[in-house]
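Going line by line, the protein sequences match chains U and P. So the mapping is simple: our numbering equals the position in the first sequence, first residue as 1, plus 1. So the mapping is simple: our numbering equals the position in the second sequence, first residue as 1, plus 947. Backbone N, C-alpha and C fix where the C-beta goes; we use that ideal spot for every residue, glycine too. Working notes, beginning with the structure itself.
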Amino acid sequence: MTLATDAAAGRPSVPRRSIRTPYPTWFFLPAAVIYGVLFLFPTLASLFFSMTRWTLFNWTFIGFGNFIQFFNEPFLVGGLINTLIYATLTSGLKVVLGLLFGVLLTSEIWARDYLRSVVFFPVLVSTVGVGITFTVLMHPTEGLINESLALIGVRGPGWLTDPRLALISVALVDVWKGVGLATVIYIAGIVSIPRDYYEAARIDGTNSMQRFWNITLPLARPATVTVVLLSLIGGLRSFDLIWSMTRGGPGFTSDVIASVIYKQYQAGFYGLSTAGNVVLFILVALIIVPLSIFLNSREVSR
Amino acid sequence: MPRSKNWSVLAGFAAGLTVMTALSGSAFADTTTLTFLVPSGEENVARAQSLAKAFEAANPDIKVDIDTRPGGAEGDNLIKTRLATGEMSDVFQYNSGSLFQAINPQQNLVDLSGEPWQADVQDIFKKVVTAPDGTQRGAPIGTGMGGGIYYNKKIYSDLGLQVPKTWAEFMANNAKIKAAGKTPVIQTFKDTWTSQLFVLGDFFNVNVAEPGFATKFTANQAKFATSPAALKGFEHQADVFKAGYLNDDFGAATYDDGLRKLATGEGAHYPMLTFAIGAIKTTYPEHIDDVGFFAMPGDDAAKNGLTVWMPDGLYISGSSEHIDAAKKFAAFVASPAGCEAQTAALGATGPYMVKGCSLPKDVPGAVADLLPYFGENGAASPALEFVSPVKGPSLEQITVEVGSGIRSPADGAALYDEDVKKQAQQLGLPGW
Chain U
2 MTLATDAAAG RPSVPRRSIR TPYPTWFFLP AAVIYGVLFL FPTLASLFFS
52 MTRWTLFNWT FIGFGNFIQF FNEPFLVGGL INTLIYATLT SGLKVVLGLL
102 FGVLLTSEIW ARDYLRSVVF FPVLVSTVGV GITFTVLMHP TEGLINESLA
152 LIGVRGPGWL TDPRLALISV ALVDVWKGVG LATVIYIAGI VSIPRDYYEA
202 ARIDGTNSMQ RFWNITLPLA RPATVTVVLL SLIGGLRSFD LIWSMTRGGP
252 GFTSDVIASV IYKQYQAGFY GLSTAGNVVL FILVALIIVP LSIFLNSREV
302 SR
Chain P
948 MPRSKNWSVL AGFAAGLTVM TALSGSAFAD TTTLTFLVPS GEENVARAQS
998 LAKAFEAANP DIKVDIDTRP GGAEGDNLIK TRLATGEMSD VFQYNSGSLF
1048 QAINPQQNLV DLSGEPWQAD VQDIFKKVVT APDGTQRGAP IGTGMGGGIY
1098 YNKKIYSDLG LQVPKTWAEF MANNAKIKAA GKTPVIQTFK DTWTSQLFVL
1148 GDFFNVNVAE PGFATKFTAN QAKFATSPAA LKGFEHQADV FKAGYLNDDF
1198 GAATYDDGLR KLATGEGAHY PMLTFAIGAI KTTYPEHIDD VGFFAMPGDD
1248 AAKNGLTVWM PDGLYISGSS EHIDAAKKFA AFVASPAGCE AQTAALGATG
1298 PYMVKGCSLP KDVPGAVADL LPYFGENGAA SPALEFVSPV KGPSLEQITV
1348 EVGSGIRSPA DGAALYDEDV KKQAQQLGLP GW
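This is the structure:
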């Protein structure tokens, strides 16, 4: 990937030997040892154990059996679909809401700094804490949300117990918790747009809607790219919020890939769950690497 | 700074680490302090403390330190990890039956077959702590339990209902309870493990209809989906949902909610294991006599009986450095004095597995309902997990789906058959 972009940038290729560094080789040794012990060895070991039936006490080599088993897992397809729904939904909502909040909080409004910190506050709270709190709020009969709805005569749904709603409810909580970060990124992006453009457009007689569509939105594109990437990666590997709110339930209806893998691990199928992690690693790489190359190339050409 | 100095600092640090690791294993070798790992939860801790206190009084040279661990799948994982890394406490309490088989007892646990107290342990328990090589590796801790249905006696007497022996009678009772404006069946799917009783507690009835099911199931020759008797558990689970007999918040209610609803008479039936009587006794002592218990109703009133859960085992880790002291502790737990210490902490919760242990006269109503099944003429058979090592890990999610109408009983049973396959392969059983 780095090589590709280097070539694209037209940098002359440098022979390896001529790279001079001011540090002696042993200087890199501690870092290399730590990297090897904590990252390289586990990665290789996990590749190996993903091809075994492993009980922690002993293992049998079974080749690609775990991968076949994992792809035959009846909940995997559901988990995969749920992961994609979850990642797109949270990422999309964070972009839209983050942009709207960003525009609102860069305009001249009352108590702007206070409102900015209020939007950001949920980002700082522990995910599991948020999960437990919202589980209580979303209780179908005694939760605050449905009790408030009952006051105006609406019978609220079982937010986390209705199989059609559970995943969406969790995604909404994820958006509530994560939109602050998106907003901050957008505020930075919008603030960096030169004021001259707006003044020129105002002189040309545009209204505020036109200025938003033709100036703010295109020039805040770097911010959009960052928000999309961050929230998409976050959504794809999301686990803690789902686990603390529904544990993939009711039944298997809000299972995502990460929770399917975790359940295999909990059940003691260590080889199988290791294979699942290898699959998750490849999947995330397959989505993020092309996306990142695409976005990088756009930045170079601009 | 000269290079050599840096190196020696690094080498010294590494050497220091090695020495520390080596020391930590044996530093306390000459004191006899036993570490004792029990599942968290009020009843387990109270039992362990009472046992430790009584044992220390009789053996002043041995001290018992109690540690707790999470229950459920998280606890299974912790036990396996600690055994695999040789970091297990000297003695620990853990499930007997299929979960016992999954921790590789032959390799990890001390052989207790030759201990003199084994003569007093009931054979039914010995079977569930027997490793593949035929040796016993555990002592019984706690009491035998039943898996069936708790009922609220007040609702039953107010409506003039009889304890049901067949599923049809049970459903007829439910109709009357619903007509009276009460919740007929309590389900608590927030704690998913509570959803498995209709299936697991039905095993006595499966065994009556298809003797030898367990052996065939272990050998991959019988399936839940294709055995009409075994499928019934899943069908019952769906029946109570379809008839609208569940509490409104069945999807979000917890085990504690379930006990509250049962004890206070909000709901009439709660399928559960009898260990819940301890929790009801501590949390709702004023309602303890309102709660009764009956076995899972089947097809034939004449052949009704109880599915029985064996107590946990007390095991000695193979990596323990105090095996002699640990064996003394195991002998104490499996003696009448050990039973007394447990009764002192928790009261009577069920029958002990040690000959010579007795229960106090005034046992709670639900325990009095339970005891006859264990007696001489009682009808009881161990649950499937004690007669077959095969138990799938996803049963609780599947029963939640079947019990909330997300999946049909036939689908659920077929899915469970798939689920157990992994466990059987992991154990390396022949025929899978």
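Item, Value
"What residues from the segment 1216–1231 of chain P come within 8 Å of chain U, judged by C-beta to C-beta, listed N to C?", "none"
"Does any C-beta atom of chain U lie closer than 8 Å to the C-beta of residue 1084 of chain P?", "no"
"Using a Cβ cut-off of 9 Å, pull out every chain U residue sitting near residue 1054 of chain P, in sequence order please.", "58 and 59"
"For chain P, find out if any of its Cβ atoms is closer than 8 Å to the Cβ of residue 248 of chain U; answer yes or no.", "yes"
"Just tell me which of U/278, U/96, U/246 and U/186 has its CA closest to the CA of residue 1139 of chain P.", "U/246"
"What does DSSP give as the partner residues of residue 1241 of chain P in its beta bridges?", "P/1096"
"Consult DSSP for residue 982 of chain P and reduce its assignment to one of helix, strand or coil.", "strand"
"Can you check whether the CB of residue 256 of chain U is closer than 8 Å to the CB of residue 147 of chain U?", "no"
"Strictly under 8 Å for the Cβ-Cβ distance: is residue 1340 of chain P near chain U by that measure?", "yes"
"List the endpoints of the continuous beta strand (DSSP E) containing residue 1010 of chain P.", "1010–1016"
"For chain P, find out if any of its Cβ atoms is closer than 8 Å to the Cβ of residue 156 of chain U; answer yes or no.", "no"
"Quick one: is residue 253 of chain U near chain P, going by C-beta distance under 8 Å?", "yes"
"Using a Cβ cut-off of 8 Å (strictly closer), state whether residue 159 of chain U contacts chain P.", "yes"
"Below 7 Å between beta carbons is the criterion; list the residues of the segment 210–232 of chain U that meet it against any residue of chain P, in chain order.", "none"
"Evaluate residue 1305 of chain P with the Cβ neighbour count: other Cβ atoms within 10 Å of its Cβ, from every protein chain shown; 16 or more gives buried, anything less gives exposed.", "exposed"
"Tell me the residue span of the beta strand (DSSP E) that contains residue 54 of chain U.", "53–55"
"Going straight from the alpha carbon of residue 1311 of chain P to that of residue 1063 of chain P, what length do you get?", "33 Å"
"Taking the C-alpha atoms as reference points, what is the distance between residue 1110 of chain P and residue 1240 of chain P?", "9 Å"
"So, for residue 1200 of chain P: in the same chain, excluding its five sequence neighbours on each side, which residues have a beta-carbon less than 8 Å away from its beta-carbon?", "1133, 1134, 1135, 1136, 1137, 1194 and 1208"
"Examine the ligand GDP and report whether any of its heavy atoms sits within less than 7 Å of the Cβ of residue 979 of chain P.", "This structure lacks the ligand GDP; in fact it carries no ligand of any kind."
"Residues in the segment 268–297 of chain U with C-beta within 8 Å of chain P's C-beta atoms, listed in sequence order?", "268, 269, 270 and 273"
"I'd like the span of the alpha helix (DSSP H) that includes residue 1301 of chain P, first residue to last.", "Run containing residue 1301 of chain P: none; DSSP gives neither H nor E here."
"Quick one: is residue 1369 of chain P near chain U, going by C-beta distance under 8 Å?", "yes"
"Against residue 142 of chain U, what residues of chain P qualify as contacts under a CB-to-CB distance less than 7 Å, listed in chain order?", "1195 and 1196"
"So, with DSSP's three-state summary, where would you put residue 232 of chain U?", "helix"
"Hey, out of P/1216, P/1373 and P/1171, whose CA is closest to residue 1364 of chain P's CA?", "P/1171"
"For my contact list, residue 917 of chain P and residue 1259 of chain P are in at a C-beta cut-off of 8 Å; report their separation, rounded to the angstrom.", "There is no way to answer for residue 917 of chain P, as the model of chain P reaches only from 948 to 1379."
"Measuring straight from C-alpha to C-alpha, what distance separates residue 296 of chain U and residue 226 of chain U?", "8 Å"
"Since residue 1092 of chain P and residue 1276 of chain P are thought to touch, with beta carbons under 8 Å apart, how far apart are those beta carbons, to the nearest angstrom?", "The Cβ separation is near 23 Å, so there is no contact."
"Could you pull out every unbroken beta strand (DSSP E) segment of at least 3 residues lying fully inside the segment 1109–1182 of chain P, listed in chain order?", "1130–1132"
"Using the C-alpha atoms, what's the distance from residue 53 of chain U back to residue 261 of chain U?", "19 Å"
"Secondary structure at residue 1086 of chain P, three-state DSSP: helix, strand or coil?", "strand"
"Would you mind telling me which residues of chain U sit closer than 9 Å to residue 1003 of chain P, beta carbon to beta carbon, in chain order?", "Correct list: empty, because the minimum Cβ distance to chain U is about 33 Å."
"Note down the Cα distance separating residue 984 of chain P from residue 1039 of chain P, rounded to an integer number of angstroms.", "4 Å"
"Hey, out of U/118, U/63, U/86 and U/142, whose CA is closest to residue 1197 of chain P's CA?", "U/142"
"My guess is that residue 272 of chain U and residue 55 of chain U are in contact by the Cβ rule of under 8 Å, so how many angstroms apart are they, rounded?", "4 Å"
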